[in-house]
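Enquirer: Questions regarding the structure given below will be posed in turn.
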Amino acid sequence: QAGNLVEARWVARLSDQLGSYTAELVHAGAALAMQDALPLAILSAACAVAEGALPEREAHPRVFRGLLHLIVHLDVAELITWELGLLADLGFGLDLTRCAVTGASEGLAYVSPKTGRAVCEDAAGAWRERLLRLPPFLAGGAKPDPADLQDGLRLTGHFLTRDAFGARHRPMPGARVMLYDRICAR
(Lines of atoms letter the chains of each structure in order from A; the text may use other names.)
(Lines give C-alpha, C1' and ligand atoms only; values in the text may rest on other atoms or scores of the structure.)
Protein backbone atom coordinates (compact mmCIF):
# COMPACT_ATOMS: atom_id res chain seq x y z
CA GLN A 15 0.00 0.00 0.00
CA ALA A 16 1.30 3.44 -0.90
CA GLY A 17 2.95 5.09 2.09
CA ASN A 18 4.06 1.90 3.81
CA LEU A 19 7.77 1.23 4.11
CA VAL A 20 8.71 -2.39 3.48
CA GLU A 21 11.97 -4.26 3.35
CA ALA A 22 11.80 -6.49 0.29
CA ARG A 23 14.09 -9.19 -1.04
CA TRP A 24 13.97 -10.68 -4.52
CA VAL A 25 15.43 -14.15 -5.04
CA ALA A 26 15.94 -16.01 -8.33
CA ARG A 27 18.33 -18.64 -9.55
CA LEU A 28 19.44 -16.44 -12.46
CA SER A 29 18.81 -12.73 -12.97
CA ASP A 30 16.75 -13.26 -16.14
CA GLN A 31 14.46 -15.90 -14.63
CA LEU A 32 11.28 -15.51 -12.64
CA GLY A 33 11.96 -14.97 -9.00
CA SER A 34 10.03 -14.44 -5.82
CA TYR A 35 9.74 -11.58 -3.37
CA THR A 36 9.63 -11.70 0.37
CA ALA A 37 8.66 -8.52 2.19
CA GLU A 38 8.39 -7.33 5.75
CA LEU A 39 6.59 -4.20 6.91
CA VAL A 40 9.00 -1.73 8.51
CA HIS A 41 6.74 1.33 8.99
CA ALA A 42 2.96 1.37 8.47
CA GLY A 43 2.74 4.97 7.24
CA ALA A 44 -0.57 4.42 5.45
CA ALA A 45 -2.26 2.94 8.51
CA LEU A 46 -1.07 5.78 10.73
CA ALA A 47 -2.25 8.41 8.23
CA MET A 48 -5.77 6.99 7.98
CA GLN A 49 -6.77 8.52 11.32
CA ASP A 50 -6.95 12.06 9.88
CA ALA A 51 -7.87 13.36 6.43
CA LEU A 52 -5.05 15.92 6.06
CA PRO A 53 -2.13 13.55 6.78
CA LEU A 54 -3.72 11.01 4.43
CA ALA A 55 -3.99 13.67 1.71
CA ILE A 56 -0.33 14.65 2.26
CA LEU A 57 0.78 11.02 2.05
CA SER A 58 -1.29 10.38 -1.09
CA ALA A 59 0.04 13.53 -2.75
CA ALA A 60 3.68 12.74 -1.94
CA CYS A 61 3.41 9.17 -3.20
CA ALA A 62 1.63 10.28 -6.38
CA VAL A 63 4.23 12.98 -7.10
CA ALA A 64 7.10 10.55 -6.46
CA GLU A 65 5.55 7.91 -8.70
CA GLY A 66 4.82 10.31 -11.54
CA ALA A 67 7.88 12.57 -11.47
CA LEU A 68 10.74 10.17 -10.80
CA PRO A 69 12.09 8.15 -13.72
CA GLU A 70 11.87 4.38 -13.34
CA ARG A 71 14.99 2.45 -12.34
CA GLU A 72 16.90 5.60 -11.50
CA ALA A 73 18.23 6.06 -7.97
CA HIS A 74 17.41 9.28 -6.12
CA PRO A 75 18.66 8.65 -2.56
CA ARG A 76 18.12 12.24 -1.32
CA VAL A 77 14.53 12.21 -2.53
CA PHE A 78 14.00 8.82 -0.90
CA ARG A 79 15.45 9.96 2.44
CA GLY A 80 13.29 13.08 2.28
CA LEU A 81 10.22 10.96 1.55
CA LEU A 82 11.01 8.75 4.56
CA HIS A 83 11.19 11.87 6.74
CA LEU A 84 7.94 13.16 5.25
CA ILE A 85 6.10 9.86 5.82
CA VAL A 86 6.97 10.04 9.51
CA HIS A 87 5.96 13.72 9.96
CA LEU A 88 3.15 14.20 7.36
CA ASP A 89 3.24 17.99 7.46
CA VAL A 90 2.38 20.33 4.55
CA ALA A 91 5.49 22.47 5.07
CA GLU A 92 7.61 19.30 5.01
CA LEU A 93 5.90 18.27 1.75
CA ILE A 94 6.72 21.62 0.16
CA THR A 95 10.35 21.32 1.23
CA TRP A 96 10.47 17.75 -0.09
CA GLU A 97 9.01 18.87 -3.44
CA LEU A 98 11.71 21.54 -3.72
CA GLY A 99 14.32 18.83 -3.11
CA LEU A 100 12.71 16.58 -5.70
CA LEU A 101 12.80 19.39 -8.27
CA ALA A 102 16.47 20.03 -7.47
CA ASP A 103 17.31 16.32 -7.77
CA LEU A 104 15.64 16.19 -11.18
CA GLY A 105 17.68 19.18 -12.35
CA PHE A 106 14.95 21.82 -11.97
CA GLY A 107 16.13 23.40 -8.73
CA LEU A 108 14.94 26.83 -7.70
CA ASP A 109 17.38 29.50 -6.51
CA LEU A 110 15.79 30.97 -3.39
CA THR A 111 19.00 32.35 -1.88
CA ARG A 112 19.57 35.61 -3.80
CA CYS A 113 17.52 38.14 -5.73
CA ALA A 114 17.77 37.64 -9.48
CA VAL A 115 17.69 41.42 -10.03
CA THR A 116 19.79 42.93 -7.21
CA GLY A 117 21.78 39.96 -5.91
CA ALA A 118 20.63 40.73 -2.34
CA SER A 119 19.86 37.90 0.04
CA GLU A 120 17.50 39.94 2.25
CA GLY A 121 13.88 40.89 1.57
CA LEU A 122 13.15 38.02 -0.81
CA ALA A 123 9.41 37.99 -1.46
CA TYR A 124 8.73 36.48 -4.89
CA VAL A 125 9.91 33.84 -7.35
CA SER A 126 10.03 34.25 -11.11
CA PRO A 127 7.76 31.66 -12.75
CA LYS A 128 10.12 31.53 -15.73
CA THR A 129 13.54 31.25 -14.12
CA GLY A 130 12.76 29.88 -10.66
CA ARG A 131 14.90 32.57 -9.05
CA ALA A 132 13.93 34.68 -6.06
CA VAL A 133 13.11 38.39 -6.39
CA CYS A 134 13.21 41.09 -3.68
CA GLU A 135 10.11 43.07 -2.77
CA ASP A 136 11.75 46.31 -3.96
CA ALA A 137 12.91 44.83 -7.27
CA ALA A 138 9.55 43.28 -8.23
CA GLY A 139 8.19 46.56 -9.61
CA ALA A 140 5.64 46.24 -12.41
CA TRP A 141 6.16 42.47 -12.58
CA ARG A 142 4.80 41.90 -9.04
CA GLU A 143 1.44 40.53 -10.27
CA ARG A 144 3.14 37.95 -12.51
CA LEU A 145 5.51 36.61 -9.87
CA LEU A 146 4.83 33.74 -7.46
CA ARG A 147 4.86 34.67 -3.78
CA LEU A 148 7.79 33.21 -1.81
CA PRO A 149 6.50 32.06 1.59
CA PRO A 150 8.73 33.39 4.39
CA PHE A 151 9.29 29.90 5.86
CA LEU A 152 11.12 28.90 2.65
CA ALA A 153 13.36 31.95 2.93
CA GLY A 154 14.36 31.02 6.48
CA GLY A 155 11.47 32.79 8.21
CA ALA A 156 9.10 31.79 10.95
CA LYS A 157 6.58 28.98 11.14
CA PRO A 158 4.16 29.02 8.17
CA ASP A 159 0.55 30.16 8.40
CA PRO A 160 -2.22 28.76 6.13
CA ALA A 161 -1.63 31.44 3.47
CA ASP A 162 2.08 30.54 3.40
CA LEU A 163 1.20 26.87 2.88
CA GLN A 164 -1.07 27.78 -0.03
CA ASP A 165 1.66 29.90 -1.59
CA GLY A 166 4.24 27.16 -1.05
CA LEU A 167 2.04 24.53 -2.71
CA ARG A 168 1.29 26.95 -5.57
CA LEU A 169 5.03 27.61 -6.00
CA THR A 170 6.16 23.99 -6.09
CA GLY A 171 3.04 23.00 -8.04
CA HIS A 172 3.89 25.48 -10.79
CA PHE A 173 7.37 24.06 -11.29
CA LEU A 174 6.30 20.44 -10.89
CA THR A 175 3.59 20.94 -13.53
CA ARG A 176 5.88 22.78 -15.93
CA ASP A 177 9.15 20.91 -15.48
CA ALA A 178 8.76 17.50 -13.86
CA PHE A 179 5.40 16.53 -15.34
CA GLY A 180 5.29 18.83 -18.37
CA ALA A 181 8.57 17.47 -19.72
CA ARG A 182 7.02 13.98 -19.62
CA HIS A 183 3.67 15.17 -21.03
CA ARG A 184 1.80 14.14 -17.89
CA PRO A 185 -0.69 16.09 -15.81
CA MET A 186 -0.15 16.89 -12.14
CA PRO A 187 -1.43 13.92 -10.11
CA GLY A 188 -4.99 14.29 -8.88
CA ALA A 189 -3.97 13.62 -5.26
CA ARG A 190 -1.62 16.64 -5.35
CA VAL A 191 -4.32 18.87 -6.87
CA MET A 192 -6.83 17.71 -4.24
CA LEU A 193 -4.34 18.48 -1.44
CA TYR A 194 -3.94 22.04 -2.73
CA ASP A 195 -7.74 22.43 -2.90
CA ARG A 196 -8.05 21.08 0.67
CA ILE A 197 -5.48 23.57 1.98
CA CYS A 198 -7.19 26.47 0.16
CA ALA A 199 -10.56 25.49 1.66
CA ARG A 200 -9.25 25.69 5.25
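Residue 15 is where the sequence shown starts when you use our numbering, and the numbers rise one by one after that. Where is the CB? At the ideal position from N, CA and C, for every residue including glycine. Treat the numbers as computed from the prediction; the structure is a model and nothing was measured.
Using 8 Å as the threshold, is the stretch 119-134 in touch with the stretch 147-167, meaning 3 or more CB pairs across them?
Expert: At 8 Å Cβ cutoff, the stretches touch.
Enquirer: What are the boundary residues of the beta strand (DSSP E) that includes THR111?
Expert: Taking the first residue of the sequence shown as 1, we reach residue 111 at position 97. Note, THR111: beta strand (DSSP E), 109-113.
Enquirer: When the Cα of ALA42 is compared with those of VAL25, SER34, GLU21, LEU122, which residue comes out closest?
Expert: Locating residue 42 in the sequence shown gives position 28, counting from the first residue. When only C-alpha atoms are compared, the closest one is GLU21.
Enquirer: Could you give the uninterrupted runs of the beta strand (DSSP E) lying entirely in the stretch 130-198, keeping only those of 3 residues or more?
Expert: Runs found: 131-134.
Enquirer: Under three-state DSSP, which class holds THR95?
Expert: Translated into positions along the sequence shown, residue 95 becomes position 81. It is helical.
Enquirer: What does a CB cutoff of less than 6 Å around CYS198 pick up in its chain, not counting 5 residues either side in sequence?
Expert: On the sequence shown, residue 198 is found 184 positions in, with the first residue counted as 1. GLN164, listed in sequence order.
Enquirer: Taking a contact to mean a Cβ-Cβ separation below 9 Å, would you say ALA59 touches PRO158 in this structure?
Expert: On the sequence shown, position 45 is the one that residue 59 refers to. On the sequence shown, position 144 is the one that residue 158 refers to. It is not a contact, given that the beta carbons lie outside the stated cut-off.
Enquirer: DSSP on ALA118, reduced to helix/strand/coil?
Expert: The sequence position of residue 118 within the sequence shown is 104, counting from 1. Three-state result, ALA118: coil.
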